[in-house]
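Residue numbers (this note's numbering), protein chains in the order written: chain W, 1 to 300; chain B, 1001 to 1537; chain Y, 2001 to 2298. The beta carbon of each residue, even a glycine, is placed where N, CA and C say it ideally should be.
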Amino acid sequence: MNGLLKDYRKHKYLYFMILPVVLYYFIFHYVPMYGALIAFKDFRIAEGFLASPWVGFQHFISFFDSYYFWRLLKNTLILNLYMLVFSFPAPIIFALLINEIVGSRFKRVVQTVTYLPHFISLIVVCGMITQFLARDGIITDLLVWLGMERQVLLAHPQYFRAIYVISDIWQGVGWGSIIYLAAIMGINPELYEASRMDGANRWRQIFHITLPGITPIIVILFILKIGNMLDVGFEKIILLYNPNTYVTADVISTFVYRKGLQSFEFSYATAIGVFQAVINFILLIAANRFSKKISENSLW
Amino acid sequence: MPHVQRKGWNAAIATVLGVSLLAAGCSTPQNNETPNAPVTNTQGNENPSAPLKLSYWAAMPGDAARLMKNYNESLFYQELEKKTGVSVEFQHPAVGSQAEQFNLLVASGNLPDVIEYNFTHYPGGPEKAISDRVILPLNDLIESHAPNFKKYLDDNPAIKKEVITDSGTIYSFPAIGVGNSNVSSGMMLRQDWLEELGLETPETIEEWTTVLRAFKEQKGATSPLTMTLGEMTGDRFVGAWNIGGSFYLDNGEVKYGPYEAAYKEFLTQMNAWYEEGLLDQDFSTQDNNAKDGKVVNSHSGAFISSIGSGMGRFLNAIPESAPTFDLVAAQHPVLEKGTEPTVFVAAYDFRGDGSAVITPANQNPEATAEWLDYLFSEEGNNLKTFGVEGLTYEMVDGSPIYTDLITNNPDGLTVGEAMSMYMRVATPAPGYVGDDRYNQQYYKFEQQKEAMTIFNQYYSNLENTRLPRVTQTADEAQELSSIMAEIETYKDEMLLRFVMGLEPIENFDKYVAQLQSMGIERALELRQAALERYKNR
Amino acid sequence: MSSTQPIRKSKGEHIFHGLNTLFMLVMIVVTLYPFIYVVFSSVSDSRLLLAQTGILLAPLGFTLDAYTMVFKNPNILSGYLNTLFIVGIGTILNLVMTSLGAYVLSRKGVVWTRHIMLWIIFTMFFSGGLIPMYLLVNNWLHLGNSLFALIVPGLISTWNLIILRTSFATIPESLIESARIDGAQDLTILMRVVIPLSLPVMAVMVLFYGVGHWNSWFGAMIYLRDRELFPLQLILREILIQNNTNYMAGNASTEDVEAVGESIKYATIMVATLPILFVYPFLQKYFVKGVMIGSIKE
């Protein structure tokens, strides 16, 4: 307590500055958190949070016992792993390449154009993907020309993950690179000057100045991504999958969505959300600890 | 650093925080329960001279939402207010998200006077909504304050059975389908091709095979029969085997189509069509746009579609590449010539959607009931369906005919849009819907009118094969959804594997055994129990 | 870095730049296409669009009917105004709150910053869900059916807070200390030293928050019951999902309603997207040249 008082005297202004932030998190995040209790209740909407009866771990058990539990878990993890390996580095590489563009006007054009897909509604984007991959779609034509047998790729489970991840990169690489470009711009130009004096070429500069300069943000975003391993948004998958590809495409969120269509199951959905959150949070803590050990960067 | 700057910044933060607090303060009166505030639902009976003002929560259909901000802008509600003296303050959720907002509305407990919603979707059914104090039971009110609706129910006991709960409570002023138009979609073929090939519109599955084969071989159709996955799993071709794509009735017993022996024959036939290239190879992945494209481009000669948005749109946009393009509706298919189809897709007489209920928050339930009852009177129904004589319709030979304002709108509105602007006829709304006199005009092509007759010809057969609108209790519903989420996933996967030949049909018995181990028998029990309760209404 | 190109390039660098330019050209084509597709579709004849399969390389016919229809929609204008209000006020409040938090949490030597950080990150994973939030905003704060319901609950995005904090933390401690020695307090340091040194990432924050507000519809969908208040994206979404039966659960009881013309969907996308696309080029100047740390020291 004494330490805190001393700290307060020393950093008085910081205490005042953080106050609205803390208040915000308390009111809008911690106060409503009681809602998570319905994971252990049989929540009936009009009865409210207090009156609904307790059921313990029933919803969790019913999910773990589900015939499809392991498949859903596996698909969710694998899809996220693919995203981690391919979608995550793509904007970093792209930002580095943009940074190497010579003409400043061309650079602007590239940036502005590549971020466009981010703004096109998912429904339209997925409609296009389906069209391009149809039997007579343009991508199918291209692949047939390259020697593939004519088929509808979206009907085959073995291609689903690739389609999902590649289209994800297509949609997000430009937008995702913005944050890294900003980080590159934050690097002190004197460092480049100095290294050029030492006779370093562009290649060496990328690896010795640019990359280390943006490492903090890369590491932080990587840790956050790890803490996201059990989440996949259901909207895009629902727009792209079909029972043929359930084997690889059906993930936790889509299954819950389909189940919820039949009756509103707030408790069940919340229980699965809690399960995902616990696993995600553990992964995040582990990743953060690991990163702290091997580098200076950590979330807290 | 200059001192002034710092002060300015502090002030800026104070202002910002102030603004957000102010915001909270500003909007308080909206929901405040101060006695003096003119809150809509607190005008009690003690002041009968004051005009009744109701708050009314209702989802707008898309057509209406694109044209107005509020139902009060539509001619129908303006006229209704003039006729009844009741003014309405509408609350509208965004199109397509009424379910989310409805749930939150219920959870918050701040209910409007009237809610228009599909209460058959309420978890645990309408009876639960009554015990949750979301809706008022209406039996007494209807007895005393809703003569038109009461008369209708007394005259139509079959419909009364649909709109009441298992224990006999009337809970809503529902949208009731009148007229012979509950079946609004079905199979359609290229009439010009049939004529050219000298073929009749197919009735049996065998005839269908012949026609599709001819389309493929002689007309060069790459996907003679096209459909989407939803149409494959729904009560479409599967109905020819007298089973449903999901739960259906057989002699008073609930059955699950994909669990029946006949389903194997259906799968075998679909597989044969698929292998021969008669069935669209893309049916499992394509969306409606892709399907429509194939129809318009003559890649397909047969498809499943609705009369209005499907057939109407195709006939409106006859492609240059096929100037003879013409469509004909086919009767729902059967196995043997001369038999009647028994299972196909149709709306229930009691639409479910567009049912208006009175909430316990309503201070004037009697007056509200009278107001809603007006929609069930002939005058009210005419206003709702045809609008105002001389403006939106003219009486010609004793029947109302829409004027050009509706059918050929000077502002370039489509028929559907014009109808939404001036009436409430195109989508379910409290009162009678689907009036034949309306449909005959809404469907402007002869082929559409014929399609309506053909599709609805055997509607009465559904009485014995269609599961009525049964209600599961909240506990039952939860158990059922747990079982069915798995079963439907498995069934859909296997359906595709069988049809596409990835799984030999010999494995059908194994598939049935798997359904059994996933609990289909229990699901059938739950459905049967709900059906028994329904029968005893 | 265009201004800092070395004068002589090696052969390898020439090849690299050639390949890089080629790659960027491919990226432009590939990522521009969805947008072009929307533009072409929006001015195409709906009927021709119905028959169209495969790639769209030019408008099918040419008509501005779809745009006329879109602007006939009375919700579009009010949607614009509402969206502008949310983006304007919302982004300003976001920036203030986020920079405050990021600055404090990036300071070393304060005893509790790590705990607060963890306390904040915890909220990224555990939430009470939709209903308690709705009760809080609607029943307790009485913000239901008001535009502030779309701003206040999202005052800080934790993800953005983390990014900004990471960026603030890379500023050399010596700069901050020297400002402090000059007598500056923390707020002044944030305004005068930290933010000017972080302009690129502040621009990113403007972009992320601004675009986030522009694109958001979920809050509006649950809190608003008065169409007068609907933001643009909610109107757009209404039109997009209307014909998308794949997307919504099928319901046999809905009547057979006329389909919206295909081109109207795309025209609405254009109307709802075009304005925000101009924000980025405007912010781009912050990405083109780096910040000269030396110049800040006075």
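CB contact check: residue i to chain B, cutoff 7 Å
i: Tyr2266(Y); result: no
i: Met2221(Y); result: yes
i: Ala39(W); result: no
i: Phe264(W); result: yes
i: Ala2058(Y); result: no
i: Leu2050(Y); result: yes
Range of the contiguous beta strand (DSSP E) that encloses residue i
i: Met1395(B); result: 1393-1396
i: Tyr1256(B); result: 1253-1256
i: Val1328(B); result: 1327-1329
i: Asp1250(B); result: 1247-1250
i: Tyr241(W); result: Run containing Tyr241(W): none; DSSP gives neither H nor E here.
Which of helix, strand or coil DSSP assigns to residue i
i: Leu2077(Y); result: helix
i: Asp1509(B); result: helix
i: Gly2018(Y); result: helix
i: Thr112(W); result: helix
i: Ile2156(Y); result: coil
i: Leu1194(B); result: helix
i: Met1188(B); result: strand
i: Gln2052(Y); result: coil
Unbroken alpha helix (DSSP H) run spanning residue i, endpoints
i: Ala1158(B); result: 1157-1163
i: Tyr1117(B); result: Run containing Tyr1117(B): none in the alpha helix (DSSP H); it sits in the beta strand (DSSP E), 1114-1117.
i: Ile129(W); result: 122-132
i: Leu1080(B); result: 1075-1084
i: Ser195(W); result: 189-197
i: Tyr1534(B); result: 1520-1535
i: Ile282(W); result: 266-294
i: Val173(W); result: 157-185
i: Ala1058(B); result: That residue, Ala1058(B), is in no alpha helix (DSSP H); its beta strand (DSSP E) goes 1053-1058.
Spatial neighbours of residue i in its chain, beta-carbon cut-off 7 Å, leaving aside the 5 residues before and after
i: Ile138(W); result: Phe132
i: Gly2144(Y); result: Val2137, Asn2138, Tyr2223
7 Å Cβ cutoff, residue i in contact with chain W
i: Ala1023(B); result: Legend: pLDDT at Ala1023(B) = 33, less than 50; position of this residue unreliable, value from coordinates given subsequently. No, its Cβ sits nowhere closer than 7 Å to a Cβ of chain W.
i: Gln1528(B); result: no
i: Met2069(Y); result: no
i: Met2205(Y); result: no
i: Asn1242(B); result: no
Interface flag, residue i vs chain C, CB-CB below 7 Å
i: Ser62(W); result: This model lacks chain C altogether, as its protein chains are W, B and Y.
Status (buried if at least 16 other CB within 10 Å, exposed otherwise) for residue i
i: Leu142(W); result: exposed
i: His2014(Y); result: exposed
i: Arg289(W); result: exposed
i: Val278(W); result: exposed
i: Asp65(W); result: exposed
i: Asn1182(B); result: buried
i: Lys1255(B); result: buried
i: Glu1275(B); result: exposed
i: Arg1466(B); result: buried
i: Arg1313(B); result: buried
i: Trp170(W); result: buried
i: Met185(W); result: buried
i: Glu1506(B); result: exposed
i: Trp54(W); result: exposed
i: Tyr2280(Y); result: buried
Other residues of its chain near residue i: CB distance less than 8 Å, five sequence neighbours each side excluded
i: Pro1333(B); result: Met1187, Pro1202, Glu1203, Thr1204, Ile1205, Trp1208, Phe1237, Gly1239, Ala1240, Pro1341
Cutoff 6 Å; reference residue i; Cβ partners in own chain excluding five residues on either side
i: Gly233(W); result: none
i: Asn1110(B); result: none
i: Ala1058(B); result: Glu1116
Chain Y contact for residue i (CB, 7 Å cutoff)
i: Asp1292(B); result: yes
i: Leu154(W); result: no
Distance cut-off 6 Å: residue i Cβ against heavy atoms of the ligand GTP
i: Asp7(W); result: Among the components of this structure there are no ligands whatsoever, and the ligand GTP is therefore not found.
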